[in-house]
Amino acid sequence: MKIRSTLKLLLLHGIFLAVFLPVSGATSDWGFQTETILRVFEREVRENGKDRKQDILPVYEYLRLDVRNLSKEELSFHSYGWARHDLENSGFFADDTEGELLYGYLEYASSFNNFSVRLGRQYVFERALNESMDGLLVNADISPSTSIMAYGGRPISLGDTDGSSGDSTVGGRIANHSGNRYEIGLFFKYVANEGDRDEEEVGFDLSLLLPRQISLVGRSRRNLVTDGWAEHTYEGMSKIGKARVGLSFDYFQYEDFLIKRDNSANLFRFLSDTKETITAFGSDMIYSITETVDFGAKLKHYDYDRRPHSAQYYSGLMVWRWDAPSELGVELGFMNGDASDNRYYLGRVFAYKDLPPGFLTADVVYAHYNEEVKGEDRSVFISLGAGKNFLDDTLKVKLSGDFSSDPFFESDFRGMVNVIYSFDSAGSSE
Amino acid sequence: MKRIGALCAWLCLCLYILFACAVPEERDSIPVAHPDEVGRNELCTECHETEEDSIIFERYDHTVYFSNKHGHEASRSGRVCNMCHQQSFCNDCHVTRTELKPSIKNQTGTYRRMPHRGDYLTRHRIDGRIDPTPCFRCHGNPKSSQTCVRCHG
Numbered sequence: 004m005k006i007r008s009t010l011k012l013l014l015l016h017g018i019f020l021a022v023f024l025p026v027s028g029a030t031s032d033w034g035f036q037t038e039t040i041l042r043v044f045e046r047e048v049r050e051n052g053k054d055r056k057q058d059i060l061p062v063y064e065y066l067r068l069d070v071r072n073l074s075k076e077e078l079s080f081h082s083y084g085w086a087r088h089d090l091e092n093s094g095f096f097a098d099d100t101e102g103e104l105l106y107g108y109l110e111y112a113s114s115f116n117n118f119s120v121r122l123g124r125q126y127v128f129e130r131a132l133n134e135s136m137d138g139l140l141v142n143a144d145i146s147p148s149t150s151i152m153a154y155g156g157r158p159i160s161l162g163d164t165d166g167s168s169g170d171s172t173v174g175g176r177i178a179n180h181s182g183n184r185y186e187i188g189l190f191f192k193y194v195a196n197e198g199d200r201d202e203e204e205v206g207f208d209l210s211l212l213l214p215r216q217i218s219l220v221g222r223s224r225r226n227l228v229t230d231g232w233a234e235h236t237y238e239g240m241s242k243i244g245k246a247r248v249g250l251s252f253d254y255f256q257y258e259d260f261l262i263k264r265d266n267s268a269n270l271f272r273f274l275s276d277t278k279e280t281i282t283a284f285g286s287d288m289i290y291s292i293t294e295t296v297d298f299g300a301k302l303k304h305y306d307y308d309r310r311p312h313s314a315q316y317y318s319g320l321m322v323w324r325w326d327a328p329s330e331l332g333v334e335l336g337f338m339n340g341d342a343s344d345n346r347y348y349l350g351r352v353f354a355y356k357d358l359p360p361g362f363l364t365a366d367v368v369y370a371h372y373n374e375e376v377k378g379e380d381r382s383v384f385i386s387l388g389a390g391k392n393f394l395d396d397t398l399k400v401k402l403s404g405d406f407s408s409d410p411f412f413e414s415d416f417r418g419m420v421n422v423i424y425s426f427d428s429a430g431s432s433e
Numbered sequence: 246m247k248r249i250g251a252l253c254a255w256l257c258l259c260l261y262i263l264f265a266c267a268v269p270e271e272r273d274s275i276p277v278a279h280p281d282e283v284g285r286n287e288l289c290t291e292c293h294e295t296e297e298d299s300i301i302f303e304r305y306d307h308t309v310y311f312s313n314k315h316g317h318e319a320s321r322s323g324r325v326c327n328m329c330h331q332q333s334f335c336n337d338c339h340v341t342r343t344e345l346k347p348s349i350k351n352q353t354g355t356y357r358r359m360p361h362r363g364d365y366l367t368r369h370r371i372d373g374r375i376d377p378t379p380c381f382r383c384h385g386n387p388k389s390s391q392t393c394v395r396c397h398g
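Chains B and H are the protein sequences, given in the same order. For the first sequence, the numbering used here begins at 4 and goes up steadily by one. For the second sequence, the numbering used here begins at 246 and goes up steadily by one.
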């Protein structure tokens, strides 16, 4: 099973290259990116009832392939996946899959009416609709002011739950819009596991551009299985002089949001039973002190229906860009929960120094916990990195080393090498 | 009663579609790729005026907080993101099953200020108690919760 999943990605790429490239070779342009990652770290593994320290040396391969202009200008193929091999055969990954095809789809995308069709494994992400599936997705503007999106297929998330033969998902959205002044959408989602209704929800979303450059976006989602509102999430933003100010409002009902059906995770199910609701108000601000220095601040307040506590998170950030993209940033945060064990201070310094054709990076994260966790009340994380580009930036090599001392690891060193080779016959994008 | 509710819903939908089709303002087609290469720290609004286009460009400016709050923008129009980013760029984080968390895979991407950097194993106990909904968005299904299963079962 694991071998099959690991080989699936390579097989798909191979078949596709063999079938399509010779046919479309004269007109198509194509690109690929291979990222090989070697990690080294130490963990305790259990063997014959005893724990022992073991070096873990996994190597990962992330492979992306894009072929455009397949016989027609609008037709393209895209795929991406990863596979892992444990060089030490440590048993550390014994329960984990060895690879996954993340997406692999044919796309027809026309500039006329923003029409597009995707067929294959893909990630659907449209407003509150968020699904990874093997299936068909259609997007189109059916009139100058109306867009539709519809999809149907087999959800990937339920693949390991009671088999996958009767699994299905369908969803869609219809939206009315007028330039960038407003967009209002209605959406629907249905998921079945083994033919039984697992999720069903409807909702609406909106996007408004008000006078004085005030923009408002958000959505509300109703769970039809539990017959309650899962979430209301809205966010406004405006520019006042050199400052950008944002306000947010979030409301969640655990029973309706943290679903208890097959397409959810165990750890959230007991939370769903608490029937808690959470209301959060937030605000953030970014102020450009000079052309090279930005200051940011954040505040978020959390309130609950059932719990007697509330919590606030405050943070401030300063970023100095002296020779873009080189930058140095400092961030301080404070989580202030009413409950004593819900408080921590967070400090972070991050730096990126551009040294063409290479770069240096540093990241330090310090946390102080109000109550001890496993006998420790603080953690330090330090990461140093460097990279260099070769062959006209088509080959990138990145090295990084991390150190962490925290409640779970007294002294943890990790190392990583990334080797990325990209080719794109028509220019590249990240 | 349910039939009346369903009928009203269908009626509203039909009226909505009729109204939608009657408003004659066309939306611009979004190009497949951005015509010029854009640097990491360049903002959309340095070149684009929000009033003149169908995209609210200010919301897509990659400011210091963009990595924390790009969800609304990315879900509004993935095609805007795809002008500069391949789909795989998004799927390094937003995916059903991956093993390397984004802050590890992009270890040297310090400028992204990824939220799981450092000792998140400890911090997530507090963040999760205060607000588990962001955890659920990414780790809420049987496959994406595999990283949680080792401890949480």
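Every residue, glycine too, gets a C-beta built ideally from N, C-alpha and C.
Which bits of chain H does residue i rub up against, with CB to CB less than 7 angstroms?
i, result
"S343(B)", "Residues of chain H passing the Cβ test: none, with the nearest at roughly 11 angstroms."
"H81(B)", "Q332"
"G390(B)", "T353"
"D163(B)", "P387, K388"
Beta carbon of residue i: closer than 7 angstroms to some heavy atom of the ligand FMN?
i, result
"E344(H)", "Looking at this structure, you won't find the ligand FMN or any other ligand, since it has none at all."
Mapping the DSSP letters down to three states, classify residue i as helix, strand or coil.
i, result
"P269(H)", "Note that P269(H) scores 43 on pLDDT, short of 50, meaning its location in the model is unreliable and no value can be drawn from it."
"R130(B)", "coil"
"E294(B)", "coil"
"A389(B)", "strand"
"I371(H)", "helix"
"V309(H)", "coil"
"A29(B)", "Per-residue confidence for A29(B) stands at a pLDDT of 49, beneath the threshold of 50, marking its modelled position as unreliable; the derived number appears in the next sentence. Note: A29(B) maps to coil in three-state DSSP."
"N373(B)", "strand"
"P158(B)", "strand"
"E77(B)", "coil"
"D69(B)", "strand"
"E413(B)", "coil"
"R346(B)", "strand"
"T353(H)", "coil"
"R358(H)", "coil"
"Q391(H)", "helix"
"R342(H)", "coil"
"I107(B)", "With the sequence shown as reference, residue 107(B) is identified as Gly, and Ile is not the correct amino acid for it. Strand at G107(B)."
"V420(B)", "strand"
"G340(B)", "strand"
"L41(B)", "strand"
"L394(B)", "coil"
"E379(B)", "strand"
"F35(B)", "strand"
"S403(B)", "strand"
"L366(H)", "helix"
Just to make sure I have the definition right: I need the residues of chain B whose C-beta is within less than 7 angstroms of the C-beta of residue i. Which are they?
i, result
"H397(H)", "N269, L270"
"V281(H)", "Note on identity: in this sequence residue 281(H) is Asp, with Val being the wrong assignment. Those within 7 angstroms of D281(H) in chain B number zero; the least Cβ separation is about 11 angstroms."
"C393(H)", "A268, L270"
My understanding is that residue i touches residue j, with C-beta atoms under 8 angstroms, so please give their C-beta distance in whole angstroms.
i, j, result
"E203(B)", "V228(B)", "5 angstroms"
"F353(B)", "D341(B)", "30 angstroms between Cβ atoms; not a contact."
"Y3(B)", "W85(B)", "In the structure displayed, chain B extends from 4 to 433; residue 3(B) sits before or after that span and is not available."
"N421(B)", "K391(B)", "Their Cβ separation, rounded to whole angstroms, is 11 angstroms, which puts N421(B) and K391(B) out of contact at 8 angstroms."
"L3(B)", "R121(B)", "With chain B covering 4 to 433 only, the question about residue 3(B) has no answer from this structure."
"L302(B)", "S286(B)", "5 angstroms"
"G175(B)", "F191(B)", "6 angstroms"
"D297(B)", "V394(H)", "No, D297(B) and V394(H) are not in contact; Cβ-Cβ is about 40 angstroms, not under 8 angstroms."
"S160(B)", "T341(H)", "5 angstroms"
"I301(H)", "N133(B)", "Their Cβ separation, rounded to whole angstroms, is 22 angstroms, which puts I301(H) and N133(B) out of contact at 8 angstroms."
For residue i, return the contacting residues in chain H, with the cut-off set at a CB-CB distance below 9 angstroms.
i, result
"I423(B)", "Those within 9 angstroms of I423(B) in chain H number zero; the least Cβ separation is about 11 angstroms."
"W85(B)", "T343, E344, L345"
"A449(B)", "The question about residue 449(B) has no answer, for chain B in this structure spans 4 to 433."
Find the residues of chain H that neighbour residue i, judging by a C-beta separation of less than 8 angstroms, and give them in chain order.
i, result
"S171(B)", "None at all; the shortest Cβ gap to chain H is about 15 angstroms."
"L266(B)", "Checking the sequence shown, residue 266(B) turns out to be Asn, not Leu. Those are N386, P387, listed as they occur along chain H."
"F384(B)", "R362, G363, D364"
"S160(B)", "T341, N386, P387, K388, S389"
Going along chain B in order, which residues have a C-beta closer than 9 angstroms to the C-beta of residue i?
i, result
"S320(H)", "F128, E129, R130, A131, L132, N133, D208, R222"
### Task
Run through the segment 175-207 of chain B for me and flag every whole beta strand (DSSP E) of 3 or more residues, listed as ranges in chain order.
If we require 3 residues or more, the beta strand (DSSP E) runs fully inside the segment 175-207 of chain B come out as 185-196.
### Task
Scan the segment 222-256 of chain B for residues whose Cβ lies nearer than 7 angstroms to a Cβ of chain H and list them as they occur along the chain.
E238, M240, K242, R247, F255
### Query
Which residue spans inside the segment 214-285 of chain B form an unbroken beta strand (DSSP E) run of at least 3?
Look at the segment 214-285 of chain B and you find these whole runs of beta strand (DSSP E), each 3 residues long or longer: 217-226, 231-243, 246-256.
### Residues of the segment 290-307 of chain H whose Cβ lies closer than 7 angstroms to any Cβ of chain B, in chain order
T295, D298, S299, I300, I301, E303, R304
### Message
Which residues of the segment 377-391 of chain H have a Cβ closer than 9 angstroms to any Cβ of chain B? Give them in chain order.
### Response
For the segment 377-391 of chain H, residues whose beta-carbon sits nearer than 9 angstroms to a beta-carbon of chain B comprise P377, T378, C380, F381, R382, H384, G385, N386, P387, K388, S389, S390, Q391.
### Query
the segment 197-218 of chain B: which residues have C-beta closer than 8 angstroms to a C-beta of chain H, in chain order?
S210, L212, Q216, S218: these are the residues of the segment 197-218 of chain B whose beta carbon lies less than 8 angstroms from some beta carbon of chain H, given in chain order.
### Task
Could you list the residues in the segment 309-323 of chain B with a C-beta less than 7 angstroms from some C-beta on chain H, going in chain order?
For the segment 309-323 of chain B, the set of positions with a beta-carbon nearer than 7 angstroms to some beta-carbon of chain H reads A314, L320, V322 in chain order.
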